[in-house]
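Student: Per our numbering, the sequence shown starts with residue 199, numbered consecutively.
Heads up, the beta-carbon is just placed ideally off N, CA and C, and yes, glycines get one too.
Just dropping this structure here.
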Amino acid sequence: MRIVFLGSQEIGARCLRVVLDQGHDVVGVGTFDPGPHETWQDDVARIAEEERLPRIRGRRFRTRAAIEELRALRPDILFAIGWRWILPPEVLAVPPRGCLGIHGSLLPRLRGFAPVNWALIRDEPRTGPSLFYFDEGTDTGDLVGQNPFDITDEDDAASVRVRLADAAVELLARHLPGLADGTAPRLRQPESGGTYGPQRRPDDGAIDWTLEPRAVFNWVRGLTRPYPGAFASLGGRRVVVWKVRVVPGDGPGPGRVAPATDRLLVGAGRGQVEILEAEFADEGAATDHSVVAREARLLGAFDALPRAAAD
């Protein structure tokens, strides 16, 4: 097949490698650089350079010139994996076999933004990538297949992200031959059960200590590295909280620090969590966790911040 590939991040790079390894003709590649809060271990641009693949200039494909450039490539199919922009109808109409993407959730659940983060924040029991056809909706197109896995309490944003990439590579490798010969499944998404994840910004990560311990645990692990992290305020200084665990028993009250203990126990709802890893934002990794713990015990409580948006 003649394939146009739009992608980024590890998932895009690894899926591009699947396409190349199966012997398809990649006639154009589009990508973009990491944002200010992102680090990628591998990227599409490096593979495109190594393999001498033609680069596409368009990203949003809003101009006639960008659409004509795409048409001139005569792709049979287009993949957009790790792509952040909605493909306009003019792009969807170009490849005769359609435009497909991989979304990081079990569609129709968690359509939209940040599926890794929202799966953990909302305590989803399972997630996995979905290979689907783009239409004019938001992640509403027909499904080719999914590759689900269970989320455990040991998982966090980093591990789910890696597991999603692994599962996505398996999913694409499994269905690419069928997409090439026309035998791949094409199923409508269920009419019921659809949910959406709103767009997230780093400043959305404030911890709401009135939430119950399980919700705080999910909030922190859903926003931890490689993302900017959940945060609290201590004496007016921002504290980035990277890891917590739920501790049984009654807590000292929302945001209050349990006295006389060698652990940093903080009230969450009616219970408590232990902060296992944290740092002052203005000091970053130079902060020793014990410094945060000592300051918290001295002040006795974290500052109240606006309520976190967990739905």
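Buried or exposed: where does residue 394 fall if 16 or more other Cβ atoms within 10 Å of its Cβ makes it buried?
Tutor: Residue 394 should be labelled exposed.
Student: Put residue 348 into one of helix, strand or coil per three-state DSSP.
Tutor: If DSSP states are grouped into helix, strand and coil, residue 348 belongs with the strands.
Student: Can you have a look at residue 303 and say buried or exposed, based on whether 16 or more other CB atoms are within 10 angstroms of its CB?
Tutor: Residue 303 is buried by the Cβ-count criterion.
Student: Taking the DSSP output, what are the residues bridged to residue 319?
Tutor: Residue 319 is not bridged to any residue.
Student: Could you tell me the distance, in whole angstroms, from the CA atom of residue 321 to the CA atom of residue 417?
Tutor: Each residue's alpha carbon lies about 9 Å from the other.
Student: Compute the Euclidean distance between the alpha carbons of residue 227 and residue 349, then round it to the nearest angstrom.
Tutor: Each residue's alpha carbon lies about 33 Å from the other.
Student: Could you check where the alpha helix (DSSP H) with residue 415 kicks off and where it finishes?
Tutor: 411-421 is the span of the alpha helix (DSSP H), which, as asked, contains residue 415.
Student: For residue 353 and residue 363, what's the separation of their Cα atoms in angstroms?
Tutor: About 14 Å.
Student: Answer with buried or exposed for residue 273, where buried requires no fewer than 16 other C-beta atoms within 10 angstroms of its C-beta.
Tutor: By the 10 Å Cβ count, residue 273 comes out buried.
Student: Count the CB pairs spanning the region 335-349 and the region 377-396 that are closer than 8 Å, and state whether there are at least three.
Tutor: Contact between the region 335-349 and the region 377-396 is present, because at least three Cβ pairs lie under 8 Å.
Student: Terminal residues of the continuous beta strand (DSSP E) containing residue 223?
Tutor: Where residue 223 is concerned, the enclosing beta strand (DSSP E) stretches over 223-228.
Student: Within 8 Å, do at least three Cβ pairs link the region 429-443 to the region 397-414?
Tutor: Contact between the region 397-414 and the region 429-443 is present, because at least three Cβ pairs lie under 8 Å.
Student: Please work out which residues of its chain come closer than 7 Å, Cβ to Cβ, to residue 317, disregarding the five sequence neighbours upstream and downstream, and give them in chain order.
Tutor: Hits under 7 Å: 303, 308, 325, 349 and 358.
Student: Considering only the alpha carbon of each residue, which of 501, 250, 331 and 355 lies closest to residue 344?
Tutor: Nearest of 501, 250, 331 and 355 to residue 344, Cα basis: 331.
Student: So, residue 259 versus residue 203, is the Cβ gap smaller than 9 Å?
Tutor: It is not a contact, given that the beta carbons lie outside the stated cut-off.
Student: Leaving aside the five residues before and after residue 257 along the sequence, list all residues of the same chain whose C-beta is less than 7 Å from its C-beta, in chain order.
Tutor: Taken in chain order, the residues that qualify are 228, 230 and 283.
Student: Taking Cβ to Cβ, would you say residue 501 is nearer than 9 Å to residue 432?
Tutor: Yes.
Student: Are the beta-carbon atoms of residue 255 and residue 264 separated by less than 9 Å?
Tutor: Contact: yes.
Student: Give me the residue from 371, 383, 443 and 421 with the minimum Cα distance to residue 217.
Tutor: The residue with the shortest Cα to Cα distance from residue 217 is 371.
Student: Shortest alpha-carbon distance to residue 249 belongs to which of 368, 266, 215 and 473?
Tutor: Of the listed residues, the one whose Cα sits closest to residue 249 is 215.
Student: Determine the direct distance from the alpha carbon of residue 487 to that of residue 476, and round the result to whole angstroms.
Tutor: Those two C-alpha atoms are separated by around 6 Å.
Student: Suppose the cutoff is 6 Å on Cβ atoms and the five residues either side in sequence are ignored; what does the same chain contact list for residue 210 look like?
Tutor: Once the five neighbours on either side are set aside, the close Cβ partners of residue 210 are 242, 279 and 280.
Student: Give a yes or no on whether the C-beta atoms belonging to residue 471 and residue 445 are separated by under 9 Å.
Tutor: Closer than 9 Å, so yes.
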